[in-house]
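With the first letter of the sequence shown counted as 1, position 466 gets the number 451 in the numbering used here; the numbers rise by one all the way through.
We put the beta carbon where it would ideally sit given N, CA and C, even for glycine.
None of the values given here were measured: they were computed from a predicted structure.
Structure, as structure tokens:
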Amino acid sequence: MAASFKQTHAISAPRVGKKQTPDAAYWGNFEFPVTVKEYGAVSCVDFCPVEPHSFAVTASDRVQIYNSRTNKVEKVLTRFKAAAHSARYRSDGELLVAGGDEGLVRVFHLETKTSLRTFTGHTRSVHATCFSSDKVRVVSASDDKSTRLWDLATGEAVHTLTGHQDYVRSLAVCKTSADMWITGGYDHTVRMWDGRTQEPTLTIDHGHPVEAVLMFPHGNMFLSAGGNSVKVWDALGGGRLLATCTNHHKTVTSLAFNSTCSRLLSASLDRHVKVYDVGTYQCVASLTYPSPILSFGVCPSEDVMAVGCADGMLSIQRRKREDSATKLALRQRKRRGATNRRYYGRGGDYRPVVADYSVTHKQKEQLKKFDKHLKTFSSTKALDEALKPCYPAEVTVGVIQELIRRGSIREALAGRDEKGLELLLTFLCRWTCEEKYCRVLLDVTTLVIDMYASVVGQSEKVDRLLQKLLRSVQRETNHQEQLLNTLGTLETLLAAAQSTNSS
């Protein structure tokens, strides 16, 4: 019995793109964003810790409360006479605290939109505010270089903490200890404070003006963001640096955890939100936005993400979910599949015996036209068929490789008229300098020039294609020379650097 014909294998280039990771798929599974134009740059976005997880957006001289399900504004707080900053929810979602350029710290009751407390004492803008974990105190940080602890019941300052030498722009509290919080300033330092003392218990140097700080719930580690870097510090180890993430290209402006604190998210002026694995601090996902980002927030259920930009645009994205029509179609498809399986699965319980006779069915072999020509050893016809524009380049090069393997490439190239030679030269002009195919096509090009050198000047079309092929080769040669020059320069610089280090 004759062996079946082996079809021509089309060469394929290695895949360049990376396989999508589970994190990239999860954080990229959001619907097209709903954008809202705010009254000014969105300096803060904060989600309510309790359902239905509304979120507060601080922009210009107001704080707006959005419904996370409808993306509509539910409440507007407009008691500010200047720009507002850092509107943050209390852990029970009933109160909200915000600072501003007036130097005042206001506490609002969200149900009635009334201002319950107005803390006075700061002499400059207050850019960071937060409730303590015991719900009865408020911490604020100001451009007057001070941090103040306020008693919510009396409205008085419990402590005024001074230690920073420049503006204090970021603040984070510990969720497990009501007396612990950290502040970040433009003096490049991050300071950890204890509410029972007047002095910082820990001071570390970030190396850049600190734009954002974040504390792990247990309080053993914290993070600082400034410049294009995010740094992880060990509080119990005396401020030991654990990791540095430099995946952003511009200043990092905001930090946040996901609901389980297993992922860290950072936003930057480079228009990206990066997602890190807190186990390795490697970037596992990246989201891109149209404008520089000042703030962002992730819903505790991780179903909604809100991003505030420097141009006043608020981007709201909701995680994709299957609609009722899609679910109905899937159910109907499964129902039809069950019927088909019952029909085609008849006799599934039957067990064969020795006396049974098995009949095999051989499917007819389907060959492409060039494979049919190769099967009959018609080399010229096979190459002519493969050179047709309907076939991709990898198929044509695969046929040429097969002809080279058989030793019949010269026979396939010879005896061509003007039209056949024009088709061949057009293909060589397009693909000879392509890195994936140059190893095969350079030899074929050399062979074609040797075989058809005598026809130069006899056909205007052929001459024009040969000139085009010459320009393509010259252009590739120039590129190679430039790469060699660059390589020589780099080797000189590296050698100079090594000699300098050794001396």
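### Query
In terms of residue numbering, what span does the alpha helix (DSSP H) encompassing S484 cover?
445 to 487
### Query
Quick one, which of L432, A367, N486, F362 has its alpha-carbon nearest K353's?
A367
### Task
Would you check if there are 3 or more beta carbon pairs closer than 8 Å linking the stretch 179 to 198 to the stretch 228 to 241?
yes
### Task
Take the Cβ of F412 as the centre, count every other Cβ of all protein chains shown within 10 Å, and call the residue buried at 16 or more, exposed below.
buried
### Task
Taking R395 as part of the alpha helix (DSSP H), name the residues at either end of that continuous run.
394 to 398
### Query
So, is T(-7) buried or exposed, given that buried needs 16 or more other C-beta atoms within 10 angstroms?
buried
### Query
Whose C-alpha, out of L156, A126, H149, is nearest the C-alpha of A142?
A126
### Message
I need the DSSP call for P185, collapsed to helix, strand or coil.
### Response
strand
### Query
What residues match up with T99 in a beta bridge as DSSP calls it?
H94
#### Entry: Completely contained beta strand (DSSP E) runs for the stretch 34 to 105, where each covers 3 or more residues
40 to 44, 47 to 51, 58 to 62, 69 to 74, 80 to 85, 90 to 94, 99 to 104
### Task
Inspect the CB distances between the stretch 267 to 280 and the stretch 5 to 17 and report whether three or more fall short of 8 Å.
yes
### Collapsed DSSP secondary structure at S343 in the structure displayed
coil
### Task
Please report how far the alpha carbon of S118 lies from the alpha carbon of V124, in whole angstroms.
11 Å
### Task
Check Y11 in the structure and name its three-state DSSP category.
helix
### Query
Using CA coordinates, which residue listed in Y171, T63, Q459, S39 is at the minimum distance from N52?
S39
### Message
Report the start-end ranges of each beta strand (DSSP E) in the stretch 183 to 262 that is 3 residues or longer and not cut off at the edges.
### Response
185 to 190, 195 to 200, 206 to 211, 214 to 219, 225 to 230, 237 to 242, 248 to 253, 257 to 262
### Exposure label - C33; buried when at least 16 CB within 10 Å
buried
### Message
Only counting the same chain, and skipping five residues up and downstream in sequence, which positions put a Cβ closer than 7 Å to that of T108?
### Response
G88, D129
### Task
Compare the C-alpha of V82 against each of S110, R102, V458, T139 and name the closest.
R102
### Message
Going by DSSP, what residue range makes up the alpha helix (DSSP H) through F355?
### Response
354 to 360
### Whole-angstrom distance between E466 and V158, CA atom to CA atom
59 Å
### Pairwise C-alpha distance: T145 and L250
31 Å
### Query
Taking the alpha-carbon positions, what's the L406 to R460 distance?
23 Å
#### Entry: Beta-carbon spacing of H233, D255 below 8 Å
yes
### Query
For L134 versus V121, is the C-beta spacing smaller than 8 Å?
no
### Query
Is S76 closer than 8 Å to A113 when the C-beta atoms are compared?
no
### Task
Please confirm if P377 has its CB atom under 8 Å from at least one CB of chain B.
Judged by its chain identifiers, the structure shown contains no chain B, having just a single protein chain.
#### Entry: With 16 other Cβ atoms within 10 Å as the buried cut-off, status of L426
buried
### Message
So, at 8 Å on beta carbons, what are the nonlocal neighbours of G223 in its own chain, with the 5 sequence-adjacent residues on each side left out?
### Response
L187
### Query
Sorted by chain position, which residues of the same chain lie with C-beta nearer than 6 Å to E23's C-beta, five sequence neighbours on each side aside?
A44, G297, L299
### Task
Return the first residue and the last residue of the beta strand (DSSP E) that C115 is part of.
111 to 116
### Message
Need the endpoints of the beta strand (DSSP E) that D179 sits in, please.
### Response
174 to 179
### Query
Given that a residue counts as buried once 16 or more other Cβ atoms are within 10 Å of its Cβ, and exposed if not, what is R306?
exposed
### Task
Give every residue of the same chain whose Cβ lies closer than 6 Å to the Cβ of N205, excluding the five residues on either side of it in the sequence, and list them in chain order.
A220, L221
### Message
With H, G and I counted as helix, E and B as strand and the rest as coil, what does DSSP make of S286?
### Response
coil
### Task
Could you say which of P37, T139, E79 lies nearest to F104 if we only look at CA atoms?
T139
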